[in-house]
Every structure is written in structure tokens, then in C-alpha cells.
Amino acid sequence: MDDPERSVDADRLWRDIERTGEFGATVSEPERRGRTAPTGSEANGAARDYLRDRMNEAGLSVDVDAVGNVRGRWVPDGADPERAAVAAGSHLDSVPEGGIFDGPLGVYAALEAVRAMQDAGVRPGRPVEVVSFTGEEGSRFGGGLVGSSVATGKRGVEETLALTDDDGVTLADALGGVGYRGEGRLDAAAWDAWIELHVEQHTRLEETGARAGVVTDITGITHVHATVEGAADHAGSTPMADRTDALAAAADVIGAVEDGAREEAADGGTAVGTVGSLSVEPDATNVVPGRVDLGVDLRDVERASVDRTLAALEESLSRVETERGVETSTERSIDLDPTPTSERVRAALREAAGAADVEALDTHSGAAHDTMHVADVTDAGLLFAPSRDGVSHSPREWTSRTDCAAATRVLTGALWRLGD
Ligand code: CO
Numbered sequence: 001m002d003d004p005e006r007s008v009d010a011d012r013l014w015r016d017i018e019r020t021g022e023f024g025a026t027v028s029e030p031e032r033r034g035r036t037a038p039t040g041s042e043a044n045g046a047a048r049d050y051l052r053d054r055m056n057e058a059g060l061s062v063d064v065d066a067v068g069n070v071r072g073r074w075v076p077d078g079a080d081p082e083r084a085a086v087a088a089g090s091h092l093d094s095v096p097e098g099g100i101f102d103g104p105l106g107v108y109a110a111l112e113a114v115r116a117m118q119d120a121g122v123r124p125g126r127p128v129e130v131v132s133f134t135g136e137e138g139s140r141f142g143g144g145l146v147g148s149s150v151a152t153g154k155r156g157v158e159e160t161l162a163l164t165d166d167d168g169v170t171l172a173d174a175l176g177g178v179g180y181r182g183e184g185r186l187d188a189a190a191w192d193a194w195i196e197l198h199v200e201q202h203t204r205l206e207e208t209g210a211r212a213g214v215v216t217d218i219t220g221i222t223h224v225h226a227t228v229e230g231a232a233d234h235a236g237s238t239p240m241a242d243r244t245d246a247l248a249a250a251a252d253v254i255g256a257v258e259d260g261a262r263e264e265a266a267d268g269g270t271a272v273g274t275v276g277s278l279s280v281e282p283d284a285t286n287v288v289p290g291r292v293d294l295g296v297d298l299r300d301v302e303r304a305s306v307d308r309t310l311a312a313l314e315e316s317l318s319r320v321e322t323e324r325g326v327e328t329s330t331e332r333s334i335d336l337d338p339t340p341t342s343e344r345v346r347a348a349l350r351e352a353a354g355a356a357d358v359e360a361l362d363t364h365s366g367a368a369h370d371t372m373h374v375a376d377v378t379d380a381g382l383l384f385a386p387s388r389d390g391v392s393h394s395p396r397e398w399t400s401r402t403d404c405a406a407a408t409r410v411l412t413g414a415l416w417r418l419g420d
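FYI, the numbering for the sequence shown is 1 to 420, going by my numbering.
Listed below in C-alpha cells is the structure:
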């Protein structure tokens, strides 16, 4: 019996990631690989079939729940099947023209961890489960994190199956079309612990030379839709003094969001604030804008910081009401608190990194992941592998074979420690 992290097979892992990248491939060049595999697409179905085959090959029993979450379960010889499992995984779906690592790395690293434990002759005392959640990316159904929201009881099965895409196709039909509408509900609360390995989508690891990132907090996300109402008027015949220009007022608001987030981000803070969408009515060059809708995205690992930026936004809205005579309103469509990861899982990851001789850095996640939901129902950890230039959701997304394997060795050691 050997330490299982030594049995991680970099080539076997790489082959699985590359093969998954062939389904829905958009670009296939050396170190530049793209794919389009939204939930329920033919490419997503093929990627799921490939995973099921690899799970069967490794002796896992595979099941699919009502919303298409795939689980492969390994009950090692001598393990108590009644004990709560340790689980790991990620997602197989992608954004349009996304990369090949975002999602598949975490799924296949989890499977490789099981194969490495088997090869090393290691027998954890708990079952080990490998999971691919449905619809992590928000590009087709329900704004993302779909499968994990059901597995954590935050969204009901029926309402989830009724979600529709832009063409009116339901999730139920999309999953049925590729043969992945199963039964029951994967229950994340039944796990003793969960770990997701994901690409960093940032440059902190690259900058420090660390090969793995142990995430301490996952950012909170708040989305605010703000409306600024003025009066549409003739751009030629309305004197400057008589205007109520909604876009000029909105420009002040955009500046206030940026200033607020910049202030929070000063001195090494992690806040970000973005006005990423704007719609102007009537949107004509010769008309004073009468109405503007703004989409605001605020994130930080500290709730208080998000609240301060929100206050700066509200303050700027009341200022333009007073100073410019417009009317404003706001609505929060998303308001998720930051999520700390489990200290117990972090400790297992750090210990595993030490044993595998992989330099690991404590960091935070600025992007949402399924682990955000899982962390609410059980001990959950998130591990990052370096992303070249921090790029993701693009064919330029890249993590080297060596880096994929190094992070997978850390995952394997941590699962083994937690599964004992
Ligand atoms: Co992802």
C-alpha cells in the first residue's frame, strides 16, 4: 500500500479531459481548445456518456437523478456502505465557445482520485462518490448552479424540470433528449464532506508560482436592476436647462458604483463592482434619453463591503433624483452572501498538498461554483488549479498537464484523509 497521490496518472487524467473537449469542439489547436456543450445538447450528452463509461470501467455504480445529476459511487472493500460518503466533482456543461478545463477538470480529477486509490491499494472506510452536477453554467437554463441547487434542497425538482431555454425547450425535454432524465434526487446533505477542484479563473496562483489554491471564501454576489426615469425630448429643441436626461443621470450612478467598489478594493481588498448592462430608451441619437435600465453586479468575500457599495449606489440614486429631477427604483434579483469553506476540509487539503509536495496558497473565489450551495448543507472545500493568464470561458483557457496532475494529487490525498 502506497500513498494514493503517487498513483495519480497524469496521462489518464489528461486523456479524459481532452476527449471531453472533443464533444462540441469549436477550436482544436495545440494549447487552444474550445467547446460548446450547454446542458442537454448533443455534445453534453456525449460528454455524459463518456463519463458514465469511464465510471463503469473503474467499477463505480452509476446513477442519474431526476434533474440529470450524475453520480458514480465506489464502496471500497471493507468500507461501511452505511457511512456518509466523501464526494468530489464539478460539472460537464460549458458556456458557448468555452474552454475544456472549466468543469471537466473537477469531474475527472475526482474520478482519477478514485482510480489512484484503487491502484495504490488504498481502501477508505467510507464510500467515495464522483459527481457531475447539471447546468452549472447559466448559459441555457435557470441562471446556473441548477443541479447543485436541487441537490441541496434550494430548488424543487418539478420547478427545475420546468425551466425553459430561450427557445422554450424545458430542462426535462433537454435532459430526456440525451437520455439523462433519471429518478430521485441526489442529496448533498448526506455527504460527510465534499471537494470541488476547479480552474482558478484568476492569476493569483500564476503570480505566486503556487500549483494549488485552497479557497477559504467564495464571494457573495448581488445583482441590482436599477431604473432611471427622466423625460424623452427632442435633442435639438429642448434647452439644456429644461431636460431630465435619464442617461446623463445614469452615468453618475455608474461612476458611483465604480468609485464605491474601488474604495472597497483599496489596500488589497477583494471587492468588485460592475455595471455590465444598460438599456436606453428610446435609444436614438436625436432624442434626449427618457429611461435607462442598469444591471449592477457587486461581489466580495465580505458582506459588509457589498453592503457599503450598495449604500453608495442607493446614495447616488437619491442624489440624481434631487439634483437632476429623475425618478429611480431598484430591485435585487440575486443576493447571495459570501460562503466560507469548511476548516476541516481546508486542513485536509493543506495536509495533502504538503504530503504531495505541491505548493498551495490560501485564496478566495471571485466566481460562483456549485460548492457555494454544497457548503450550506455539509463540510465543503474548493481547490484551484492555475489558469494561464487567468483566462476562462474561452478557448484560450489553459491549465497544463502537470498542473492538472499536481492539483489532482492534492485532491486525492485530501479525499483519502477525509474518507478514512
Ligand atoms: Co465551472
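Positions of the beta carbon are idealized from the N, C-alpha and C atoms, including for glycine. Quick caveat: nothing in here was measured; it's all calculated off a predicted structure.
Boundaries of the beta strand (DSSP E) in which residue i is found, first to last residue
i	result
Gly34	32-35
Thr363	360-365
His202	No beta strand (DSSP E) holds His202; DSSP gives it neither H nor E.
Val272	272-281
Trp74	70-74
Ala88	86-91
Leu434	Here the chain has residues from 1 to 420 only, and residue 434 is not among them.
Thr421	This structure leaves residue 421 out entirely; the chain is present only between 1 and 420.
Leu336	327-336
Asp217	212-218
Thr399	Premise fails: Thr399 is in no beta strand (DSSP E) and is neither H nor E.
Backbone CA spacing between residue i and residue j [nearest angstrom]
i	j	result
Ala37	Asp49	13 Å
Thr63	Leu186	Looking at the sequence provided, one finds Asp at residue 63 rather than Thr. Approximately 9 Å between the Cα atoms of the pair.
Pro96	Asp167	16 Å
Gly68	Ile195	20 Å
Ala172	Arg181	7 Å
Gly177	Pro282	41 Å
Glu351	Thr227	50 Å
Asp119	Val146	34 Å
Thr134	Arg396	24 Å
Arg299	Val306	6 Å
Gly179	Gly273	41 Å
Val214	Met240	55 Å
Proximity to residue i [Cα-Cα], best of the options
i	options	result
Thr219	Gly390, Phe23, Met372, Gly184	Met372
Arg32	Ala406, Val391, Arg409, Ala407	Val391
Asp93	Arg71, Gly24, Gly325	Gly24
His364	Ser342, Val377, Thr378	Ser342
Val130	Phe384, Ala232, Trp191	Trp191
Gly366	Gly269, Thr322, Ala405, Gly45	Gly269
Pro81	Asp267, Gly59, Gly125	Gly125
Arg54	Asp267, Asn44, Gly72, Ala43	Gly72
Gly290	Ala231, Leu418, Ala250	Ala231
6 Å Cβ shell around residue i - same chain, five flanking residues per side excluded
i	result
Glu327	Glu229
Thr208	Leu361
Glu359	Ala210, Arg211
Ala10	Arg401, Ala405
Gly21	Arg33, Arg35, Ile100
Cβ-Cβ separation, residue j to residue i (assumed contact under 8 Å), whole Å
i	j	result
Val162	Gly40	Reading the sequence as shown, one finds Ala at residue 162 and not Val. Not confirmed; about 14 Å, so no contact.
Val275	Ala246	Val275 to Ala246, Cβ: 14 Å. No contact.
Pro127	Ala85	4 Å
Proximity test, Cβ basis, 9 Å: residue i and chain B
i	result
Arg54	No chain B appears in this structure, which consists of one protein chain only.
Residue interval of the alpha helix (DSSP H) (run including residue i)
i	result
Thr371	370-374
Ser148	146-151
Leu313	303-324
Thr39	Neither: Thr39 is in no alpha helix (DSSP H) and is coded neither H nor E.
Val178	Val178 -> no alpha helix (DSSP H), and no H or E assigned at all.
Residue i CB to nearest heavy atom of the ligand FAD below 8 Å
i	result
Glu137	What this structure holds is the ligand CO, not the ligand FAD.
Contacting residues, own chain, Cβ-Cβ under 7 Å from residue i (five flanking each side not counted)
i	result
Ile334	Ile221, Thr222, His223
Cβ neighbours of residue i in the same chain (closer than 8 Å, five flanking residues each side left out)
i	result
Gly236	Asn286
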